[in-house]
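*Asks:* Structure provided below as structure tokens; questions to follow.
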Amino acid sequence: MEQFLQQLASGLANGAIYACVALALVMIYVSTDHLNFAQGEMAMFSTYISWQLMQWGLGFWLAFILAVLISFCMGVFIERVILRPLHHAPVLSIVVVFIGLLAICNSMAGAIWSYLIKEYPSPFPKAEFGIAGVIGPHQLGVVLVTLIVLSLLFAFFRYTPLGLAMRAAAQNPQMARLVGVRVDWMLALGWGLAAAVGAVAGIMVAHIVYLDPNMMGGILLYAFASALIGGIGNPGGAVVGGFIVGVLENMVAYSGNMIEKITGIYIIGNGEKLTVALIIVIFVLTLKPAGLFGRVVVKRV
Amino acid sequence: MPSLLEVKGLKAYYGQTQALYDVGFDIPEGGITTLLGANGAGKTTTLRAICNMVRTDGTVRFAGEDISRQATEEIVRRRIAHVPEGRGTFTSLTVDENLRIAAYTRRDKAGVDAERERVFSYFPRLKERIQQQAGTLSGGEQQMLAIARALMLKPRLMLLDEPSFGLAPLIVVEIFRILRRINEEEKVSILLVEQNAALALDLAAHAYVLETGKVVMHGPSAVVKNDENIRKSYLGY
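If you're matching them up, the sequences are chains B and G in order.
Each number in the working numbering corresponds to the 1-based position in the first sequence with 601 added.
Each number in the working numbering corresponds to the 1-based position in the second sequence with 2 added.
Here it is as structure tokens:
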């Protein structure tokens with residue numbers, strides 16, 4: 602039982618990370634119909650920025666907040682400068698730009714901070730935090746921080762005029778212009794917010810996976826799966842999808858271990874959890890192609 | 003009366019295709035003017051060109067200021083409300099959110115709240131549906147929401163594209179009655195594009211007739227209504 606709870610807790614902690622990255626992907630997807638392949642690498646770069654700030658003597662939380670703000674500005678900058686000229690470009694050109702962005706972020710991080718794996722601190726106090734035997738301090742902290750960030754974002758989109766304007770611009774850009782929304786800036790703002798949420802995920806996961814330029818590769822894959830399973834156009838679905846994928850992968854490994862313990866036969870373990878989790882995702886998408894919470898889009902011809 | 007909107011030598015293009023050749027008209031402050039014409043004559047394009055939603059050439063002056071080079075979202079800030087064809091609402095947002103986003107450019111909160119009450123007095127049905135998603139409203143209700151949305155801007159000029167499209171006759175009569183009240187009570191000038199020429203000529207004081215991207219005739223509605231060609235082509239008797 603204790604092991605089950607531990608696995609569940611670590612699944613939730615991973616899921617929180619996937620949820621953030623998935624949400625970042627969906628935020629850009631709903632307003633532009635493009636999947637940003639560079640989202641993970643941008644988050645990695647943000648994490649390095651926070652690490653650098655800490656090297657310069659800043660405390661963890663100050664570095665965290667500054668890195669998130671810097672990431673926001675970087676996101677806005679990337680949209681304005683790199684993607685703005687491509688608003689009417691064919692999809693493939695944009696895909697190439699995303700891949701280029703991915704490679705640039707990756708090699709720039711390598712060039713500036715080297716490819717050596719670095720340790721990354723956890724801000725959560727060892728002793729007083731967490732519930733003994735169930736959830737570790739860092740895991741509990743990750744879940745709390747991401748939940749706070751996600752709630753803030755949802756409140757922003759739900760209750761502020763700017764959030765409403767961003768939703769309107771994503772849903773119907775032409776109509777949004779007709780009510781006076783500066784749609785181009787809303788896109789840039791969306792990129793900024795996505796980069797900021799990605800930064801939160803990167804900084805929170807770095808203590809677990811260690812800091813290196815390739816740290817977000819696997820996580821981006823999970824985030825894609827989360828966004829798809831939740832319905833790619835649905836931000837709430839992406840978050841729920843993140844937690845589902847996180848818990849699912851750990852439950853796969855856990856049940857594999859249990860089977861081995863009882864029958865002595867090894868079927869699946871930690872090594873296969875990604876594979877099995879993704880198989881389940883594919884299975885779900887076969888049954889519900891629009892995702893669990895997605896709406897089927899009917900196109901009139 | 004001074005002109006609120008002056009359009010001169012307006013041309014519009016979709017890519018390489020020219021849709022308007024030489025459109026010119028004046029809209030007096032406080033009046034209702036209608037644009038008539040067959041399908042493809044350029045009525046919708048004219049409205050889109052005023053708001054700079056297509057590539058245009060020529061001059062558009064609003065309250066004396068040249069707005070032909072302004073971006074759509076800046077033109078809206080001069081309080082020109084455009085209700086596009088096919089019901090201009092955000093279908094995935096609620097009625098409440100549609101009305102709130104409509105007042106996005108306004109900074110006077112008290113004025114916006116007062117506007118809301120006034121809008122509900124015109125369209126009491128919207129108040130009952132306030133938390134409903136706009137996409138789930140009936141066609142008539144969506145058109146009402148689109149007009150309500152335009153009113154939230156406290157517009158000086160309203161551009162209406164086929165408000166009767168696809169609606170039951172009784173609803174159309176109701177909507178046109180409300181449009182007349184809006185014009186009289188709120189002093190909103192209206193430029194109306196309508197397929198239903200009889201209806202439009204009853205509401206408008208002045209009419210312009212478009213054919214393949216050009217103005218071919220114009221005059222007071224009473225005169226246009228009795229023109230033999232207009233009667234045959236658009237009124238059907």
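Every residue, glycine too, gets a C-beta built ideally from N, C-alpha and C.
1) Taking a cut of 9 Å between CB atoms, which residues from the stretch 83-106 of chain G lie near chain B?
2) With DSSP as the reference, please indicate the residues paired to His-220 of chain G in a beta bridge.
3) Enumerate in chain order the residues of its own chain whose CB-to-CB distance from Lys-227 of chain G is below 6 Å, with the five nearest sequence positions on each side excluded.
4) In terms of alpha-carbon separation, which member of G:Glu-143, G:Met-55, G:Tyr-124, G:Arg-109 lies closest to Thr-96 of chain G?
5) Could you list which residues in chain B have their beta carbon closer than 7 Å to that of Thr-74 of chain G, in chain order?
6) Identify the contact partners of Arg-79 of chain G in chain B, using a Cβ-Cβ distance below 8 Å as the criterion.
7) Smallest Cα separation from Asn-615 of chain B: which of B:Ser-827, B:Leu-667, B:Met-859, B:Gly-870?
8) Which two residues bound the contiguous alpha helix (DSSP H) that contains Ile-618 of chain B?
9) Should Glu-680 of chain B be labelled buried (16 or more other beta-carbon atoms within 10 Å of its own) or exposed?
10) Short of 7 Å in beta carbon distance, which residues of its chain neighbour Asn-185 of chain G, apart from the five on each side in sequence? Order them along the chain.
11) Which residues share a DSSP beta bridge with Ser-94 of chain G?
12) Whose Cβ in chain G lies nearer than 8 Å to the Cβ of Leu-765 of chain B?
13) By the three-class DSSP mapping on this structure, what secondary structure does Tyr-823 of chain B have?
14) In whole angstroms, give me the CA-to-CA distance for Met-643 of chain B and Tyr-649 of chain B.
15) For Val-902 of chain B and Gly-88 of chain G, what's the separation of their Cα atoms in angstroms?
16) Tell me the rounded alpha-carbon separation between Val-801 of chain B and Gln-740 of chain B.
17) For Arg-578 of chain B, go through chain G and note every residue whose CB falls closer than 9 Å to its CB, in chain order.
18) Apply the 10 Å Cβ neighbour rule to Gln-634 of chain B and answer buried if 16 or more other Cβ atoms are within range, or exposed otherwise.
19) Can a CB atom of chain G be found closer than 7 Å to the CB of Gln-640 of chain B?
20) Which same chain residues, not among the five before or five after Ala-14 of chain G, have their C-beta less than 6 Å away from its C-beta?
21) Residues bridged to Ala-14 of chain G by DSSP?
22) State buried or exposed for Asn-773 of chain B, treating a residue as buried only when at least 16 other CB atoms are found within 10 Å of its CB.
23) Relative to the alpha-carbon of Pro-165 of chain G, which residue among G:Met-146, G:Pro-157, G:Ala-83, G:Ile-69 has its alpha-carbon at the smallest distance?
24) At least one CB of chain G closer than 7 Å to the CB of Asn-835 of chain B: is that the case?
25) For Met-219 of chain G, collect the residues of the same chain with a Cβ closer than 6 Å to its Cβ; drop the 5 residues on either side in sequence, then sort them by chain order.
26) What residue range is occupied by the uninterrupted alpha helix (DSSP H) comprising Thr-1 of chain G?
27) Within its chain, find whatever has a CB closer than 8 Å to the CB of Leu-159 of chain G; leave out the 5 residues flanking it on each side and keep chain order.
28) I want to verify the contact list: residues of chain G whose CB lies under 9 Å from the CB of Pro-774 of chain B, in sequence order.
29) Can you pull the chain G neighbours of Pro-686 of chain B, defined as C-beta to C-beta under 9 Å?
30) What are the start and end residues of the alpha helix (DSSP H) that includes Ile-705 of chain B?
31) Determine the contact status of Gly-676 of chain B and Ala-796 of chain B, defining contact as a CB-CB distance below 7 Å.
32) Does DSSP put Ser-647 of chain B in a helix, a strand or coil?
33) Taking buried to mean at least 16 other C-beta atoms within 10 Å of its own C-beta, is Ile-866 of chain B buried or exposed?
34) Would you call the stretch 779-786 of chain B in contact with the stretch 101-108 of chain G, where contact means no fewer than 3 C-beta pairs closer than 8 Å?
35) Give the C-beta separation of Ser-611 of chain B and Ser-647 of chain B to the nearest angstrom, bearing in mind that I take them to be a contact with Cβ-Cβ under 8 Å.
*Replies:* Straight from the coordinates:
1) Ala-83, His-84, Val-85, Pro-86, Gly-90, Thr-91, Phe-92, Thr-93, Ser-94, Leu-95, Glu-99, Asn-100, Arg-102, Ile-103, Ala-104, Ala-105, Tyr-106
2) The sequence position of residue 220 of chain G within the second sequence is 218, counting from 1. In the DSSP assignment, His-220 of chain G is bridged to G:Tyr-210.
3) Position 225 of the second sequence, counted from the first residue, corresponds to residue 227 of chain G. Same-chain partners within the cutoff: Leu-203.
4) In the second sequence, counting from the first residue as 1, residue 96 of chain G sits at position 94. The option with the nearest alpha carbon to Thr-96 of chain G is G:Glu-143.
5) Residue numbering aside, residue 74 of chain G sits at position 72 when the second sequence is read from its first letter. Neighbours of Thr-74 of chain G on chain B, chain order: Arg-778, Leu-779.
6) Translated into positions along the second sequence, residue 79 of chain G becomes position 77. Ordered by position in chain B, the residues that pass the 8 Å Cβ test against Arg-79 of chain G are Gly-781.
7) The sequence position of residue 615 of chain B within the first sequence is 14, counting from 1. For the options B:Ser-827, B:Leu-667, B:Met-859, B:Gly-870, the alpha carbon positioned closest to that of Asn-615 of chain B is the one of B:Ser-827.
8) The count along the first sequence starts at 1 and reaches residue 618 of chain B at position 17. Residues 603-633.
9) Position 79 of the first sequence, counting from 1, holds the residue named residue 680 of chain B. Residue environment for Glu-680 of chain B: buried (at least 16 other C-beta atoms within 10 angstroms of its C-beta).
10) On the second sequence, residue 185 of chain G is found 183 positions in, with the first residue counted as 1. So the qualifying residues of the chain are Ile-34, Ile-192.
11) Position 92 of the second sequence holds residue 94 of chain G. According to DSSP, Ser-94 of chain G bridges with nothing at all.
12) Mapped onto the first sequence, residue 765 of chain B falls at position 164. Ordered by position in chain G, the residues that pass the 8 Å Cβ test against Leu-765 of chain B are Leu-95, Glu-99, Arg-102, Ile-103, Tyr-106.
13) In the first sequence, counting from the first residue as 1, residue 823 of chain B sits at position 222. Of the three classes helix, strand and coil, the one that applies to Tyr-823 of chain B here is helix, per DSSP.
14) Sequence index remark: in the first sequence, residue 643 of chain B carries index 42 (1-based). Sequence index remark: in the first sequence, residue 649 of chain B carries index 48 (1-based). Approximately 10 Å, taken between the alpha carbons.
15) As a position in the first sequence, residue 902 of chain B is number 301, starting the count at 1. As a position in the second sequence, residue 88 of chain G is number 86, starting the count at 1. Residue placement at Val-902 of chain B cannot be trusted, given a pLDDT of 48 that sits under 50; the coordinates are not used to answer.
16) Position 200 of the first sequence, counted from the first residue, corresponds to residue 801 of chain B. Position 139 of the first sequence, counted from the first residue, corresponds to residue 740 of chain B. Answer to the nearest angstrom: the Cα atoms are 14 Å apart.
17) There is no way to answer for residue 578 of chain B, as the model of chain B reaches only from 602 to 902.
18) Taking the first residue of the first sequence as 1, we reach residue 634 of chain B at position 33. Checking the displayed sequence, the identity of residue 634 of chain B turns out to be Asp instead of Gln. Flag for Asp-634 of chain B reads exposed.
19) As a working note, residue 640 of chain B is residue 39 in the first sequence. So no, Gln-640 of chain B is outside the interface.
20) Here residue 14 of chain G refers to the residue found at position 12 when the second sequence is read from its first residue. Contacts found: Ala-21, Leu-22, Thr-47, Ala-51, Val-56, Thr-58.
21) Looking up residue 14 of chain G in the second sequence gives position 12. In the DSSP output, where bridge partners are listed per residue, Ala-14 of chain G has G:Leu-22, G:Thr-58.
22) Residue numbering aside, residue 773 of chain B sits at position 172 when the first sequence is read from its first letter. So Asn-773 of chain B ends up on the buried side.
23) Residue numbering aside, residue 165 of chain G sits at position 163 when the second sequence is read from its first letter. Answer by Cα proximity: G:Met-146.
24) As a first step, residue 835 of chain B must be located in the first sequence, where it is residue number 234. No, because no Cβ of chain G sits closer than 7 Å to the Cβ of Asn-835 of chain B.
25) Sequence index remark: in the second sequence, residue 219 of chain G carries index 217 (1-based). Here the set comprises Val-211.
26) No information on residue 1 of chain G is available, as it lies outside the stretch 3 to 239 that chain G covers here.
27) Here residue 159 of chain G corresponds to residue number 157 of the second sequence, with the count starting at 1. Correct list, in chain order: Leu-6, Leu-7, Ile-29, Phe-64, Arg-81, Ile-82, Ala-83, Val-190, Ser-191, Ile-192, Leu-193.
28) Residue mapping note: residue 774 of chain B aligns to position 173 of the first sequence, counting from 1. What Pro-774 of chain B touches in chain G: nothing, since even the nearest Cβ is about 10 Å away.
29) On the first sequence, position 85 is the one that residue 686 of chain B refers to. What Pro-686 of chain B touches in chain G: nothing, since even the nearest Cβ is about 17 Å away.
30) Numbered from its first residue, the first sequence carries residue 705 of chain B at position 104. Where Ile-705 of chain B is concerned, the enclosing alpha helix (DSSP H) stretches over 692-714.
31) The count along the first sequence starts at 1 and reaches residue 676 of chain B at position 75. The count along the first sequence starts at 1 and reaches residue 796 of chain B at position 195. In contact: Gly-676 of chain B and Ala-796 of chain B (Cβ atoms closer than 7 Å).
32) Here residue 647 of chain B is taken as the residue at index 46 of the first sequence, counted from 1. Helix.
33) Residue mapping note: residue 866 of chain B aligns to position 265 of the first sequence, counting from 1. So Ile-866 of chain B counts as exposed.
34) yes
35) Here residue 611 of chain B refers to the residue found at position 10 of the first sequence. Here residue 647 of chain B refers to the residue found at position 46 of the first sequence. Incorrect: roughly 24 Å between the Cβ atoms, too far for contact.
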